[in-house]
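Residues in the sequence shown are numbered consecutively from 0, following numbering that gives the first Met the number 0.
Every residue gets a Cβ at the ideal spot worked out from N, C-alpha and C, and that includes glycine.
Heads up: the structure comes next, in structure tokens.
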Amino acid sequence: MASTLSFVFCQKNLTNHSQAVYDLLKQEHPEVSVEIKDCVDKCGLCTDVPFVIRNNSVVAGRDPRDLYVKIEKGLTYLKDPVFVFDAT
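Structural data, given as structure tokens:
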């Protein structure tokens, strides 16, 4: 199944907060699209908390572990969908 999720990390946020999350996401979920941009225009968040842009929406955590837990929850539907629509 192709992934419908994409993640974009801010380079400065990686340096300050979320490098471990990025590394673990790349290692544990190679099927998802993960990229790094110099700036994602979220300067208020960037210096304060770890965050990622997931499909054009901000996901932020109190700390790297909290961010990774939120990402994992979002990925669970790829592995075990709650609702499957069969149009046949």
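Checklist entry - From which residue to which residue does the beta strand (DSSP E) around Glu30 run? => result Where Glu30 is concerned, there is no enclosing beta strand (DSSP E), given that its DSSP letter is neither H nor E.
Next on the checklist: Whole angstroms are fine: how far does the CA of Leu66 sit from the CA of Val20?
Outcome noted: 7 Å
Next on the checklist: Measuring alpha carbon to alpha carbon, tell me which residue in Val48, Asp62 and Lys41 is nearest Asn132.
Outcome noted: For residue 132 there is no data in the structure shown, the boundaries of the chain being 0 and 87.
Checklist entry - Whose CA, out of Gln10, Leu4 and His16, lies closest to the CA of Asp62? => result His16
Item to check | Simplified DSSP assignment, three categories, for Lys41 | outcome: coil
Item to check | CB-CB length for Arg53 against Leu4, believed under 8 Å | outcome: 6 Å
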